[in-house]
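Presented below is the structure to which this report refers.
Residue numbers (the working numbering): 6 to 157.
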């Protein structure tokens, strides 16, 4: 398939490639329902970690994000790739949810920006609840903050 943006080709690939390896923030937000969560963070190469606008820090394994430059980037993950945890993780504050039968889409704030996570339909939900989430590193996406092009 070909994904176009105002007459310009953004990406050519199989549906799986376009969904799992979006070439830009445009493709990432356009493909999938919901689109990829796209959050503005700072990457710190010295600690190999992401710093969110609200002060949260996510340390990455040294094998991930090796092509990511120091400074502002766009960090992405899909709603279904977040897992609620009892331990350490990022905190998302739930605002409201969409009941979809077998699951809920929980809309909330992460790093002062909007994010959506998908939870099983039997998961209890409370508005304004602070949920701890983890995201597997292979499910993370990194984009240039200025051009929107994929970094990894």
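Each residue gets a CB set at the ideal place from its N, CA and C atoms; glycine is no exception.
Computed from a predicted model, the values in this text were never measured in an experiment.
| Asked | Found |
| --- | --- |
| Limits of the alpha helix (DSSP H) - the one that residue 117 falls within | Run containing residue 117: none; DSSP gives neither H nor E here. |
| Sub-8 Å separation of residue 136 and residue 89 beta-carbons | yes |
| Cβ-based burial, residue 101 [other Cβ within 10 Å; buried from 16] | exposed |
| Coil, strand or helix - residue 125 by DSSP | strand |
| Start and end residues, alpha helix (DSSP H) containing residue 142 | Careful: residue 142 lies outside any alpha helix (DSSP H) and carries neither H nor E. |
| Outcome for residue 143 when other beta-carbon atoms lying within 10 angstroms are tallied against a minimum of 16 | exposed |
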